[in-house]
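Participant: Got a structure for you, written out below as C-alpha cells; questions coming shortly.
2 protein chains.
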Amino acid sequence: MPDSHPEPSATDDPLAIICGGGSLPFAVADAVLRHGRRAVLFPLRGFGDPAAVERYPHHWIALGQFGRMCRLASAERCRDVVFIGNLTRPSLHEIRLDWQTLRLLPRIVRLYRGGDDRLLSGIGRIFEEHGFRLLGAHEVAPEILVAEGAMGKRAPSERDQADIATGLAVLAAMGPFDIGQAAVVAAGHVLAVEAAEGTDAMLSRVADLRRLGRIRYPVGVGVLVKAPKVGQDRRFDLPSIGPQTVAGVIRAGLAGLAVVAGGTIMAEPEVVATAADRGKIFVVGVPDPQRQ
Amino acid sequence: MPDSHPEPSATDDPLAIICGGGSLPFAVADAVLRHGRRAVLFPLRGFGDPAAVERYPHHWIALGQFGRMCRLASAERCRDVVFIGNLTRPSLHEIRLDWQTLRLLPRIVRLYRGGDDRLLSGIGRIFEEHGFRLLGAHEVAPEILVAEGAMGKRAPSERDQADIATGLAVLAAMGPFDIGQAAVVAAGHVLAVEAAEGTDAMLSRVADLRRLGRIRYPVGVGVLVKAPKVGQDRRFDLPSIGPQTVAGVIRAGLAGLAVVAGGTIMAEPEVVATAADRGKIFVVGVPDPQRQ
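Respectively, the protein sequence lines represent chains Y and P.
Numbering-wise (my numbering), the first sequence opens with residue 84 and increments by one.
Numbering-wise (my numbering), the second sequence opens with residue 84 and increments by one.
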C-alpha cells in the first residue's frame, strides 16, 4: 500500500531551490512547477549541472556565499528554501566566503566538529534566523519519495526479506552514532556498513571483495539496505537512490536494493525500474521500521 | 594497572598448534615452550610461514584435512589444540577434503551460512567431538594478551580518549550482528566501520578518503579502536594487532590505536612499540567495557 503523501501547501511566493549535483534538484523543480508554484534555482558552482540549470530561472552561487544567496532570494521574494542534491562534504578551504558567511564562520566551524546531522541542522537554524523557512524536498514535492512495493518486475525472495530485516536492524543500531545510512547483508552475514565513504564506495568495496574471493556467496545473494538515520531531521539528507545506485548494486552482484518507503527520495523512478529489470535485480520500498 | 593473567595449566601432553599466517603462531609456540610444555605445529599450506615452521616439530596439513590432522595429533599424543594465525576466510572450492572432512561437510556448509562466530564455534564443537580440547591461544600463552596502558612513548590525548569511548560504543552496538571488530573515529565523527573487509582494508579506505579530501581532519586526529565482539567465544578470533596494523594507522593519518586489554592479542610487543614511536602514534590497551 503506497504512503499517502501530504499535499504541498500552495503559496504565491516562489520556492528557492539550492542545487547540489545529480538529477534530484530538477525532479524537485519540475514537481514544484507541476503543483503550480514558481521555482528559482540557486545552483552551487561545481555541483549543479549547467545544462539542466538553463531550463529554469536561476542564479549561480558559490559555497560560502550565504550573503549573496540571501540577497538574491529576497529580491526574488522567496521565503521557502529547499536544499537538495549531492554535495561531497567540502573541506573548509574550498569554501569562498562572503561577508555574511564570514560573520557566521566561528559557528560553522563549531558545527563541523559534530557529525553530519549536527552540521545540517545547524545550517538549517542559520537560514531560519535570516528569515527563510527551510523545507525538506519531500514537503514541496512528495512524489519524489519512494512508495512501498517493488519498482520493477522483480521482488525480494524470502531470504532477501530476511537480509532486509537484518540490514534495517544494523542501521537502527548505528542510529545513535550519526553515521552511514546503508549496509549490505548476504544470507544473514553483514558484509559492509557505510560510514564516511558513502554508498557508492561501499558497493565498490563489496564488488572488490567478491572479485578477490573474499565473499563466497554466488551472484544474486545479498541486499543493499538504505534507511534514514534514527531521529534524523528529515528536511536534510534523506537517503536517495538513482540509476547510479542500481548500477552499483548490479556490479556488487547483489539480488537487489531495499529502501525505506516514505523516507528515501528518487529522481527518476522509470529509469530506475528499467535499469533494475535489465540488471535482473529488485528495487523495493519497505515499510518504515521507525514508524511501526 | 596490568591484568593479572591466568597461569596456563602444566600438562605432559604436547600442545597441537594449527597455524594460520603471520607471526602469532610462533609467538604462541615460543611462550608455550617457555612455560615448559612441548608443542607440535600443524601449519596450514598457503598460510603458515615455511621458514619459521622449520624451527619446531611440525606436520603440514591442507585446509579440509581434518582426518589427517586428527590422526597425526593423536599419534603425537596431543589432546589440547590451539588454532591461531591469519586465515583469509577460504572459499569452499579452495578446500581439499579428506574422508573425515567429507563426512562433516553438510554440517560445515550449514555453519558457513551464519556469521564468523557461528562458523568458528561450530568448528570448535567438531574438534571436541573428536576427543580434542580446543583452547584459546591466550589460555596457553597469556603473555600474548595486550595489557592496559600505553605501549610506546605516546599516550592518547583527551580528545583521543573521547574518540576511543565512541569507538567502543559503536562496536558494542554492532555486537549482535557478528561483524567487524574495529572502527575509526575522529573528533566524534565515525569515519569507518569494519565488516567483511578486515581492519587493514578499512584503514586503507580511511587513507584514501583523506587523500581525496573527503576527510577534513588534520593528520593526527582520529583513532582506530578494536575490541572483541560482544558475547564472542574468546577461544577463537580474538582481535589481534601487529606491526602491519601500526603501519596502517600511520598511513591513515590517525593519532593512534586502542585495543581492549586482555581481549586482544599481539605477537611482537617490542616491534609494535618501536614502530609506534617512530610513526608518532600511540598504541594503548584500554579497560574492557564488557567487564565493567
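In this text, a Cβ means the ideal position worked out from N, Cα and C, and glycines have one as well.
So leucine 292 of chain P contacts chain Y; which residues on that side make the cut at Cβ distance below 7 Å?
Facilitator: Correct list: Ala279, Glu280.
Participant: Among all the DSSP beta bridges, which residues are the ones paired with serine 204 of chain Y?
Facilitator: In the DSSP output, where bridge partners are listed per residue, serine 204 of chain Y has none listed.
Participant: Quick one: list the residues of chain P neighbouring alanine 275 of chain Y, beta-carbon separation under 8 Å, in chain order.
Facilitator: Result: Ala278, Ala279, Glu280.
Participant: Please state whether DSSP places histidine 88 of chain Y in a helix, a strand or coil.
Facilitator: With a pLDDT of only 47 at histidine 88 of chain Y, under 50, the local geometry of the prediction cannot be trusted, and the value read off the model is given with reservation. In this structure, histidine 88 of chain Y counts as coil in the three-state DSSP scheme.
Participant: For glycine 346 of chain P, collect the residues of the same chain with a Cβ closer than 6 Å to its Cβ; drop the 5 residues on either side in sequence, then sort them by chain order.
Facilitator: Once the five neighbours on either side are set aside, the close Cβ partners of glycine 346 of chain P are Pro311, Asp371.
Participant: Given that a residue counts as buried once 16 or more other Cβ atoms are within 10 Å of its Cβ, and exposed if not, what is histidine 110 of chain Y?
Facilitator: A small correction: the amino acid at residue 110 of chain Y is alanine; histidine does not occupy that position in the sequence shown. Classification of alanine 110 of chain Y: buried, given that the 10 Å Cβ count is 16 or more.
Participant: Strictly under 7 Å for the Cβ-Cβ distance: is glycine 220 of chain P near chain Y by that measure?
Facilitator: Note on residue identity: the sequence assigns alanine, not glycine, to residue 220 of chain P. False, the Cβ-Cβ gap to chain Y never drops below 7 Å.
Participant: Taking alanine 356 of chain P as the reference, give the member of P/Arg208, P/Gly336, P/Gln373, P/Gln327 with the closest Cα.
Facilitator: Nearest C-alpha to alanine 356 of chain P: P/Gln327.
Participant: Let me see if you follow: with CB-CB separation under 7 Å, is serine 87 of chain P close to chain Y or not?
Facilitator: Bear in mind that the predicted position of serine 87 of chain P carries a pLDDT of just 45, short of 50, making it unreliable; the figure below should be weighed with that in mind. Not one chain Y Cβ lies under 7 Å of serine 87 of chain P.
Participant: Which bits of chain P does alanine 248 of chain Y rub up against, with CB to CB less than 7 Å?
Facilitator: Under the 7 Å cutoff, chain P gives no residues; its nearest Cβ is about 12 Å from alanine 248 of chain Y.
Participant: How would you write the range of the alpha helix (DSSP H) that histidine 221 of chain Y sits in, first residue to last?
Facilitator: 220 to 223 is the span of the alpha helix (DSSP H), which, as asked, contains histidine 221 of chain Y.
Participant: Give me, in chain order, the residues of the same chain whose beta-carbon lies closer than 7 Å to that of proline 352 of chain P; leave out the 5 immediate sequence neighbours on both sides.
Facilitator: Within the same chain, proline 352 of chain P has close Cβ partners Met234.
Participant: Does the beta carbon of glutamine 262 of chain P come closer than 7 Å to any beta carbon on chain Y?
Facilitator: The residue asked about is misnamed: residue 262 of chain P is isoleucine in this sequence, not glutamine. Cβ-Cβ to chain Y under 7 Å: yes for isoleucine 262 of chain P.
Participant: Counting only Cβ pairs nearer than 7 Å, list the residues of chain Y close to valine 253 of chain P.
Facilitator: What valine 253 of chain P touches in chain Y: Phe260.
Participant: Report the residue ranges of all beta strand (DSSP E) runs contained in full by the stretch 90 to 171 of chain P; include only those spanning at least 3 residues, in chain order.
Facilitator: Correct list: 98 to 102, 122 to 126, 163 to 167.
Participant: Can you tell me whether DSSP reads leucine 321 of chain Y as helix, strand or coil?
Facilitator: It is coil, neither helix nor strand.
Participant: Under 8 Å by Cβ, that's how I've got alanine 99 of chain Y and aspartate 163 of chain Y pegged, so tell me the actual separation to the nearest angstrom.
Facilitator: 7 Å between Cβ atoms; contact.
Participant: Relative to the alpha-carbon of arginine 377 of chain P, which residue among P/Gly263, P/Leu254, P/Ala335, P/Leu307 has its alpha-carbon at the smallest distance?
Facilitator: Residue 377 of chain P cannot be examined here, being either before or after the span of chain P that is shown, 84 to 375.
Participant: List the residues that DSSP assigns as beta-bridge partners of glycine 213 of chain P.
Facilitator: In the sequence as displayed, the identity of residue 213 of chain P is histidine instead of glycine. Its beta-bridge partners do not exist; DSSP assigns none.
Participant: Quick check: is any heavy atom of the ligand MN less than 6 Å from the C-beta of alanine 358 of chain P?
Facilitator: Summarising the ligand content, the structure contains no ligands, and the ligand MN is consequently not present.
Participant: DSSP beta-bridge partners for valine 366 of chain P?
Facilitator: The partner list for valine 366 of chain P (beta bridge, DSSP) reads P/Leu340.
Participant: When the distance is taken between beta carbons, is valine 332 of chain Y closer than 7 Å to leucine 321 of chain Y?
Facilitator: Cβ distance not < 7 Å, so leucine 321 of chain Y and valine 332 of chain Y don't count as in contact.
Participant: Are any of the Cβ atoms in chain P nearer than 7 Å to that of alanine 358 of chain Y?
Facilitator: With 7 Å as the cut-off, alanine 358 of chain Y does not count as an interface residue toward chain P.
Participant: In the DSSP assignment, what residue or residues form a beta bridge with leucine 228 of chain P?
Facilitator: According to DSSP, which records beta bridges pairwise, leucine 228 of chain P is partnered with P/Ile348.
Participant: Need the endpoints of the alpha helix (DSSP H) that valine 313 of chain P sits in, please.
Facilitator: No alpha helix (DSSP H) holds valine 313 of chain P; DSSP gives it neither H nor E.
Participant: Taking only three categories from DSSP, how would you classify leucine 295 of chain P?
Facilitator: Of the three classes helix, strand and coil, the one that applies to leucine 295 of chain P here is coil, per DSSP.
Participant: Can you confirm whether alanine 335 of chain Y, when its beta carbon is compared against all beta carbons of chain P, has any partner nearer than 7 Å?
Facilitator: It does not: the Cβ of alanine 335 of chain Y has no partner Cβ on chain P nearer than 7 Å.
Participant: Less than 7 Å between C-beta atoms, sequence neighbours within five positions excluded: which residues of the same chain meet that for glutamate 277 of chain P?
Facilitator: Excluding sequence neighbours, glutamate 277 of chain P sits near Gly263, Gln264, Ala265, Ala266, Met285.
Participant: For alanine 290 of chain Y, I'd like the list of residues in its chain whose CB is within less than 6 Å of its CB, leaving aside the five on either flank, ordered along the chain.
Facilitator: Answer for alanine 290 of chain Y: Arg334, Ala335, listed in chain order.
Participant: Going by C-alpha distance, which of P/Ile324, P/Gly105, P/Ile144, P/Phe130 is nearest valine 123 of chain P?
Facilitator: Closest option to valine 123 of chain P, Cα to Cα, is P/Ile144.
Participant: Pick out whichever of Y/Gln148, Y/Gln244, Y/Gly131 has its Cα sitting closest to the Cα of histidine 141 of chain Y.
Facilitator: That would be Y/Gly131, whose Cα lies nearest to the Cα of histidine 141 of chain Y.
Participant: Assign lysine 309 of chain Y to buried or exposed, taking buried as 16 or more other Cβ atoms, counted over all protein chains shown, within 10 Å of its Cβ.
Facilitator: By the 10 Å Cβ count, lysine 309 of chain Y comes out buried.
Participant: In terms of DSSP beta bridges, what is valine 306 of chain Y paired with?
Facilitator: Y/Val268, Y/Gly339.
Participant: Leucine 107 of chain Y: which of Y/Arg297, Y/Glu241, Y/Pro225, Y/Leu254 sits nearest, CA to CA?
Facilitator: Of Y/Arg297, Y/Glu241, Y/Pro225, Y/Leu254, the residue nearest in Cα terms is Y/Pro225.
Participant: For a quick check, are the C-beta atoms of leucine 170 of chain P and glycine 103 of chain P less than 7 Å apart?
Facilitator: Yes, the pair counts as a contact, with Cβ atoms nearer than the cut-off.
Participant: What does DSSP give as the partner residues of alanine 275 of chain Y in its beta bridges?
Facilitator: Bridge partners of alanine 275 of chain Y: Y/Val267.
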